[in-house]
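Below you'll find the structure, written out as structure tokens, and then a few comments.
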Amino acid sequence: MIALGSDHAGLPLKLEIIKLLDELGLAYTDYGTDSLARCDYPVYGQKAAEAVASGACDRGIIFCGTGIGISIAANKVAGIRCAVCSECYSAVLSREHNDANMLALGARVVGPGLARMIVTQWLEAGFEGGRHADRVKLIHQIEGQQA
Ligand code: RB5
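Numbering (the numbering used here), first residue to last: 8 to 154.
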């Protein structure tokens, strides 16, 4: 199950990616927004991230104007590794090296064709483990060090 979330700026690209997931036959839950009315991206980044962190969803894909704000919000949830990507190389490496469990896309940055390619390759790529697993563990140790 893939968690989806966006603000108003990310909504058009989220709808494009929903079409892609339907074509691929992949299940998703959309945590909103479903309207073009102005809203706050942290709300939807948090909802989608909590769905991934709780195990309700395996991965998440989130959208705002740049992908930046909503990714920052998602990364505040313990256990989340959200990568904002605007090309395929970083998207694939975010899976292979960082075991990214969420992907953020900027609807004002990438067009629908590139976004489809990024999502497809991100979903197909796997974590390589090994030395990268040790580094991912170190990332999450930082969470435990915060007051
Ligand atoms: C909304 O105008 C915009 O600020 C938001 O979608 C996002 O780009 C923030 O990072």
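The beta-carbon is built from N, C-alpha and C at its ideal position, and this holds for glycine as well.
Please report the straight-line C-alpha distance between residue i and residue j, rounded to a whole angstrom.
{"i": "Met-124", "j": "Glu-150", "result": "32 Å"}
{"i": "Asp-106", "j": "Arg-88", "result": "7 Å"}
{"i": "Gln-153", "j": "His-147", "result": "11 Å"}
{"i": "Gly-86", "j": "Leu-145", "result": "12 Å"}
For the candidate residues the options, whose alpha-carbon lies nearest to that of residue i?
{"i": "Glu-135", "options": "Leu-100, Asn-108, Leu-145, Gln-152", "result": "Leu-100"}
{"i": "Arg-66", "options": "Ala-16, Asn-108, Val-126, Lys-83", "result": "Asn-108"}
Give the DSSP-derived three-state secondary structure of residue i in the structure shown.
{"i": "Asp-37", "result": "strand"}
{"i": "Glu-66", "result": "Sequence inspection shows Arg at residue 66; the Glu mentioned does not correspond to that position. DSSP places Arg-66 in strand when its eight states are reduced to three."}
{"i": "Arg-102", "result": "helix"}
Looking at the strands, I want to know which residues DSSP matches up with residue i.
{"i": "Ile-79", "result": "Partner(s): none; Ile-79 has no beta bridge."}
{"i": "Gly-113", "result": "Cys-71"}
{"i": "Gly-12", "result": "Ile-69"}
{"i": "Val-91", "result": "Ala-111"}
My assumption, with CB atoms under 8 Å, is that residue i sits in contact with residue j. Please give the rounded CB distance.
{"i": "Ile-113", "j": "Ser-93", "result": "Per the sequence presented here, residue 113 reads as Gly, with Ile not at that position. Yes, Gly-113 and Ser-93 are in contact; Cβ-Cβ is about 6 Å, under 8 Å."}
{"i": "Ser-13", "j": "Thr-40", "result": "6 Å"}
{"i": "Val-59", "j": "Ala-111", "result": "Their Cβ separation, rounded to whole angstroms, is 12 Å, which puts Val-59 and Ala-111 out of contact at 8 Å."}
{"i": "Ile-77", "j": "Ile-69", "result": "5 Å"}
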